[in-house]
Each structure stands twice: as structure tokens, then as C-alpha cells.
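Colleague:
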Amino acid sequence: MLFDTHVHLNIEQFDEDRDEVIQRAKAAGVEKMVVVGFDYETIHKAMALAEQHDFIYAAVGWHPVDAIDFTDEDLLWLEELAHHEKVVALGEMGLDYYWDKSPKDVQKDVFRKQIALAKKVKLPIIIHNREATDDVIQLLQEEHAEEVGGIMHCFAGEVEHVKPCLDMNFYISLGGPVTFKNAKAPKEVAKVVPADRLLVETDCPFLAPHPHRGKRNEPAYVRLVAEQIANLRDTSIEAIEQQTTANALRLFGI
Numbered sequence: 003m004l005f006d007t008h009v010h011l012n013i014e015q016f017d018e019d020r021d022e023v024i025q026r027a028k029a030a031g032v033e034k035m036v037v038v039g040f041d042y043e044t045i046h047k048a049m050a051l052a053e054q055h056d057f058i059y060a061a062v063g064w065h066p067v068d069a070i071d072f073t074d075e076d077l078l079w080l081e082e083l084a085h086h087e088k089v090v091a092l093g094e095m096g097l098d099y100y101w102d103k104s105p106k107d108v109q110k111d112v113f114r115k116q117i118a119l120a121k122k123v124k125l126p127i128i129i130h131n132r133e134a135t136d137d138v139i140q141l142l143q144e145e146h147a148e149e150v151g152g153i154m155h156c157f158a159g160e161v162e163h164v165k166p167c168l169d170m171n172f173y174i175s176l177g178g179p180v181t182f183k184n185a186k187a188p189k190e191v192a193k194v195v196p197a198d199r200l201l202v203e204t205d206c207p208f209l210a211p212h213p214h215r216g217k218r219n220e221p222a223y224v225r226l227v228a229e230q231i232a233n234l235r236d237t238s239i240e241a242i243e244q245q246t247t248a249n250a251l252r253l254f255g256i
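Numbering follows my numbering, in which position 143 of the sequence shown is assigned residue number 145; successive positions increment by one, without gaps.
1. From PHE157, ASN219, GLN245 and THR7, pick the residue whose C-alpha is nearest to that of LYS189; which is it?
2. Considering only residues of the region 194-239, which uninterrupted beta strand (DSSP E) runs meet the minimum length of 3 residues and lie entirely inside it, listed in chain order?
3. Would you list the one or two residues that DSSP bridges to VAL90?
4. Count the other CB atoms, across all protein chains shown, that sit within 10 Å of the CB of ILE256; report buried if there are 16 or more and exposed otherwise.
5. For LYS34, which residues of its own chain have a beta-carbon under 6 angstroms away from its beta-carbon, when the five flanking residues on both sides are left out?
6. Residue range of the beta strand (DSSP E) that ALA118 falls in?
7. Just grab the DSSP bridge partners of VAL38 for me.
8. Compare the C-alpha of VAL67 against each of ALA48, ASP111, LEU83 and HIS86 and name the closest.
9. Candidates ILE153, LEU92, VAL180 and LEU226: which alpha carbon is nearest LEU168's?
10. Should ALA228 go down as buried or exposed, given a rule of 16 or more other Cβ atoms within 10 Å for buried?
11. Evaluate contact between the region 30-44 and the region 220-238, counting only Cβ atoms and requiring at least three cross-stretch pairs below 8 angstroms.
12. Going by the beta-carbon positions, is the gap between TYR100 and GLU133 smaller than 8 angstroms?
13. For PHE113, tell me which candidate among ASN131, ASN249, THR237 and VAL37 has the shortest Cα-Cα distance.
14. Is HIS146 buried or exposed, if buried means 16 or more other CB atoms sit within 10 Å of its CB?
15. Go ahead and pull the three-state DSSP assignment for LEU253.
16. Below 8 angstroms between beta carbons: does that hold for GLN155 and ILE139?
17. In the DSSP assignment, what are the bridge partners of GLY96?
18. In the region 135-174, which residue ranges form an unbroken beta strand (DSSP E) of at least 3 residues, counting only runs that do not cross its ends?
19. How would you write the range of the beta strand (DSSP E) that VAL9 sits in, first residue to last?
20. According to DSSP, what are the bridge partners of VAL32?
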């Protein structure tokens with residue numbers, strides 16, 4: 003049994019064959035997944051999928067790239083959704099310095115507001131970090147995010163960034179990049195994360211693992227991520243499946 007902790011089946015790349023993608027995931031042993039919403043439209047679709055399928059859960063949050071569009075009404079809406087029985091986390095949220103649509107100070111403000119909400123509703127948070135690792139960690143520390151913990155989604159830091167995240171009760175989630183030939187950091191991270199803090203994800207349709215790199219990713223491919231981690235940690239795929247699934251169930255309170 004595998005638990006894909008981060009999928010975007012709620013976006014248009016899956017509009018043509020969403021049901022078939024879900025069936026392929028189940029056939030590959032993916033028995034649970036979290037569909038992550040990151041703006042108004044994708045949150046609505048994440049909620050609909052979670053209500054439609056008993057093995058699909060939702061996370062709701064506001065992506066840093068679109069922080070400039072975030073309103074106080076959106077924050078109230080997220081708080082309302084947070085009480086839904088199928089919502090297991092807030093996010094994705096964080097900082098993204100690759101795209102420049104939203105200024106850094108606006109991103110940080112929206113990030114802080116969502117952390118405060120998570121503490122209020124007592125849900126873990128899913129962190130998006132792109133080219134902003136030090137600032138993400140500093141802001142999480144300043145806001146005492148250890149009170150809720152959560153996931154460093156598709157972990158984008160170096161080995162030295164793992165401990166500060168663990169110290170704040172975060173789990174380290176690895177995806178397709180751990181299979182990429184020249185991606186050294188994810189491979190080193192995969193070797194050092196404590197077994198009880200390790201998660202797997204696809205972030206589909208993005209970041210498809212080898213040998214599908216460059217094509218559309220899907221939840222069934224999370225097995226390739228788990229296999230690579232098993233190789234790197236010199237253990238069995240069964241052990242990785244069992245441990246990462248137990249970790250996800252514990253974190254999400256399922």
C-alpha cells in the first residue's frame with residue numbers, strides 16, 4: 003500500500019482521463035492520496051474529488067505565486083473548509099522566489115496568515131518552497147510552526163536543511179527528483195531522513211520520475227519514487243511502503 007501525499011488531480015491536465023488515472027493508481031497499489039488545492043478553482047475541485055472518493059483527501063491553501071490575489075474573504079473561506087471531515091491539512095503554502103508575480107513581502111504575509119490559521123484549526127501545513135529555503139525555515143521558526151508541523155513538500159533543500167525541519171515537527175516528502183540522474187541533494191536527503199519522518203509523493207502532473215521525466219506525472223508513478231528511496235536506503239520497497247504510509251496516516255490523523 004502506498005500513500006501519495008501530494009497530487010494535483012484537480013487541474014486541467016487530467017480533465018480528459020481523470021477516472022482512468024485514478025484506476026491506474028489503485029492498480030499500482032496507491033490506496034490513499036491527498037489532492038492539494040492552491041487557489042480558488044483548484045480548492046473547489048480538490049473538495050469535490052475528496053467528497054467523491056473515500057480514499058482521496060483534500061488539502062486547502064493558497065500558493066505563494068498567487069499571494070497577490072489573496073483576500074481576507076479567502077482566509078475566512080479556508081477556515082470554513084478546514085472543518086470539513088475530508089480536509090487533512092492546510093496548503094500548499096510557502097515562498098516561491100522563482101516566479102515574480104507576487105512580491106516577497108506579500109508572499110510572507112499570506113504565508114504567516116495561513117500558519118496562524120493552521121494553529122487555530124489545529125491542522126498540519128504543506129510547505130511549498132522554491133529557491134527560498136532559508137527564508138521558509140526562518141519564517142516557520144518565527145511563527146512557531148512546530149505547534150502544527152506538517153510536510154516539506156517535494157523537499158527542495160540540502161542535507162543541512164533537514165534537521166531544522168525535523169526540529170519543527172515536519173516530515174520530509176520526496177518525489178520525482180530523487181530519481182533524476184544528476185539530482186544529488188534529494189538522493190543524499192533520502193539517505194538521512196529518519197524512517198518515521200519520511201513521505202513519498204508525485205506532485206503530479208509535474209516532476210515525473212525517471213523513466214517518465216518530461217511527460218505528465220500521475221499517482222501510479224509514486225511507486226518509482228518509493229523504489230528509488232528503497233535502493234538508496236538499502237532496504238525493501240515493502241519496508242518503504244509500510245513506513246511512509248504509516249507516517250502519512252499518523253500525520254493526517256486518518
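C-beta: ideal position from N, C-alpha, C; glycine also.
Modeller: Reading from the atomic positions:
1. Considering only PHE157, ASN219, GLN245 and THR7, the residue with the shortest C-alpha distance to LYS189 is PHE157.
2. 200-202
3. Its beta-bridge partners do not exist; DSSP assigns none.
4. Taking a 10 Å sphere around the C-beta of ILE256, we find fewer than 16 other C-beta atoms and assign the residue as exposed.
5. Annotation for LYS34: PHE5 and PHE57 place their beta carbon closer than 6 angstroms to its own, counting only its chain and skipping 5 residues before and after.
6. Element bounds for ALA118: not the beta strand (DSSP E) but the alpha helix (DSSP H), 106-123.
7. BP columns for VAL38 point to ALA61.
8. ASP111
9. Out of ILE153, LEU92, VAL180 and LEU226, ILE153 has the C-alpha closest to the C-alpha of LEU168.
10. buried
11. In short, these stretches touch, since the Cβ pair count reaches three.
12. yes
13. ASN131
14. Exposed is the call here.
15. helix
16. Gln is not the amino acid found at residue 155; the sequence shown has His there. No, they are not a contact pair.
17. HIS130
18. 152-154
19. 4-9
20. Its beta-bridge partners are LEU4.
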